[in-house]
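I have placed the structure first, in the form of structure tokens, so that the comments after it can refer back to it.
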């Protein structure tokens, strides 16, 4: 059984300078409660790894706007203007990674692989400083594994062993990030007894999860555009 | 509809005719998304949303948004019957593995070698490439949908791209408000022109040399 922690307790160990992965895509699937607790705790100089920086006041975007990150590894920052501003002013060191490469580098870390060979980025600025291999007539870039000290994952339902169900498009980077971080903190809307979550409905096996937290904030990532 | 919008509709209608029944298609944010509205009757395509599903449907109705279903632009959308959700590693395996039949993206510049620049303008616009590099490198057919010239009238179809590339030599088709151009080993082939333009006008608005197809179509 995994410990069920208060939000404050769950983020207590995330010190200044920690490397943190936050699952989610444009806020969809961000662990809103954990992010709020981390903002309140005041951790700074974080090395943030997240697919995008959502919107200024939404989910992971708050860590950027409240100056909590020193470095950012992401695939897209265009929807949060503060990310670009801080990158240009030098406050935030940004590494942009193609989204498929981002997912695969994280998966490589979790899967014990030494790296991945991808054709994505060949002939572009992405190949700078990377080893290039030509195999069977095709060029590939060697992309290295990406891991973290902590990962924030959001689930709809988790059982007390940490097995979790992530609905719809909230799975995004959560599955690979759960494999690649030393401490995986999983926020769930509902925590149930072992046996109550059908093993066939498990998106993330509990073996990857370090601790559980109950959601206290509703997800509100969706941008209501006309 | 204003003239600019009419031209856009003509462009996306033309692109929509390219997909065979049952094709798996990924549409970029913005104008490419409009293509879904003009699929010819009797054909069904399956749309992929790179954040994690096939069966991307229309925008969600106001008040009926599901916080777990958004498109790659973060907009609340729906999933159609027959759709499937998956994680990002699977989604990009679908993309990079050559399982997406067509991708339609916007372009800042395209050149005669099929190079595409559409993700950044150094010093001005640096949003990140998102999934664009994987899509252009991995999809079986890459269609660039864009205005033929820039806002100040400069050609966007060039001999050589000047902006940072999204991918090298991956573009198959360029469809603009003026022309339908195929990228081939011998260069760019002008196959069709819009009904309100001439070959001379298209050549004038294009920096790269164009081969004119023997049987020139109109759209």
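Chains as they are written, first to last, in the numbering used here: chain A, 3 to 228; chain B, 1228 to 1446.
Heads up, the beta-carbon is just placed ideally off N, CA and C, and yes, glycines get one too.
query = Do residue 41 of chain A and residue 32 of chain A have their C-beta atoms closer together than 8 Å?
reply = Position 39 of the first chain, counted from the first residue, corresponds to residue 41 of chain A. Position 30 of the first chain, counted from the first residue, corresponds to residue 32 of chain A. No, the pair does not count as a contact, with Cβ atoms beyond the cut-off.
request  = Check distances from the C-beta atoms of the stretch 166-178 of chain A to those of chain B and list, in chain order, the residues that come in under 9 Å.
outcome  = 168, 169, 170, 171, 172, 173, 174, 175, 176, 177 and 178
query = Applying the criterion that 16 or more other CB atoms from any shown protein chain within 10 Å of the CB defines a buried residue, is residue 1323 of chain B buried or exposed?
reply = Position 96 of the second chain, counted from the first residue, corresponds to residue 1323 of chain B. When all chains shown are included, residue 1323 of chain B counts as buried.
ask   = What's the gap between the Cα of residue 169 of chain A and the Cα of residue 78 of chain A?
value = Translated into the one-based positions of the first chain, residue 169 of chain A becomes position 167. Translated into the one-based positions of the first chain, residue 78 of chain A becomes position 76. Rounded to whole angstroms, residue 169 of chain A to residue 78 of chain A spans 23 Å at the Cα level.
ask   = residue 122 of chain A to residue 147 of chain A, Cα distance in whole Å?
value = As a working mapping, residue 122 of chain A is identified with position 120 in the first chain. As a working mapping, residue 147 of chain A is identified with position 145 in the first chain. Each residue's Cα considered, the two are about 16 Å apart.
ask   = Are any of the Cβ atoms in chain B nearer than 8 Å to that of residue 226 of chain A?
value = Indexing the first chain from 1 puts residue 226 of chain A at position 224. Residue confidence for residue 226 of chain A is low, a pLDDT of 45 falling below 50, so the modelled location carries little weight and cannot support an answer.
ask   = In this structure, what does DSSP give as the bridge partners for residue 1270 of chain B?
value = As a working mapping, residue 1270 of chain B is identified with position 43 in the second chain. In DSSP, residue 1270 of chain B forms no bridge with anything.
Helix, strand or coil at residue 228 of chain A [DSSP, three-state] = Position 226 of the first chain, counting from 1, holds the residue named residue 228 of chain A. At residue 228 of chain A, the pLDDT of 32 sits below 50, so the modelled position is not reliable; the number obtained from the coordinates is stated separately. DSSP places residue 228 of chain A in coil when its eight states are reduced to three.
Partners in chain B for residue 221 of chain A, counting only beta-carbon separations shorter than 9 Å = Within the first chain, residue 221 of chain A is the residue found at index 219, counting from 1. Neighbours of residue 221 of chain A on chain B, chain order: 1294 and 1295.
query = Can you name, in chain order, every residue of its own chain whose Cβ lies under 8 Å from the Cβ of residue 1349 of chain B, other than the five neighbours on each side?
reply = Residue numbering aside, residue 1349 of chain B sits at position 122 when the second chain is read from its first letter. Hits under 8 Å: 1390 and 1391.
ask   = Closest to residue 1301 of chain B by CA distance: which of A:109, A:19 and A:26 is it?
value = Counted from its first residue, the second chain places residue 1301 of chain B at position 74. It is A:26 whose Cα lies nearest to the Cα of residue 1301 of chain B.
task = Grab me the residues of residue 1422 of chain B's own chain with a C-beta within less than 6 Å of its C-beta, minus the 5 sequence neighbours each way, in chain order.
result = Here residue 1422 of chain B refers to the residue found at position 195 of the second chain. Closer than 6 Å at Cβ, skipping near neighbours: 1445.
query = beta strand (DSSP E) containing residue 1283 of chain B: first to last residue?
reply = Translated into the one-based positions of the second chain, residue 1283 of chain B becomes position 56. It spans 1280-1286 - the beta strand (DSSP E) in which residue 1283 of chain B sits, taken as one unbroken run.
ask   = Hey, residue 1258 of chain B and residue 1333 of chain B are a contact pair by Cβ (cut 8 Å); roughly how many whole angstroms apart?
value = Residue 1258 of chain B sits at position 31 when you count from the first residue of the second chain. Residue 1333 of chain B sits at position 106 when you count from the first residue of the second chain. Right, their Cβ atoms sit about 6 Å apart.
inquiry  = Could you tell me which whole alpha helix (DSSP H) segments of length 4 or greater appear in the stretch 1356-1428 of chain B?
reply    = 1359-1365
ask   = In chain B, what lies closer than 9 Å to residue 1 of chain A by C-beta?
value = The requested residue 1 of chain A is not part of the displayed model; chain A covers only 3 to 228.
Residue 1298 of chain B versus B:1309, B:1285, B:1387 and B:1308, residue with shortest Cα-Cα distance = Counted from its first residue, the second chain places residue 1298 of chain B at position 71. Comparing Cα-Cα distances from residue 1298 of chain B to each of B:1309, B:1285, B:1387 and B:1308, the minimum goes to B:1285.
key: Inter-stretch contact (C-beta, 8 Å, three-pair minimum) for the stretch 196-211 of chain A and the stretch 145-164 of chain A   = yes
ask   = Within 10 angstroms of its Cβ, does residue 126 of chain A collect 16 or more other Cβ (buried), or is it exposed?
value = Position 124 of the first chain, counting from 1, holds the residue named residue 126 of chain A. Buried.
ask   = Can the beta-carbon of residue 155 of chain A be found less than 8 Å from the beta-carbon of residue 128 of chain A?
value = Along the first chain, one-based indexing puts residue 155 of chain A at 153. Along the first chain, one-based indexing puts residue 128 of chain A at 126. Not closer than 8 Å, so no.
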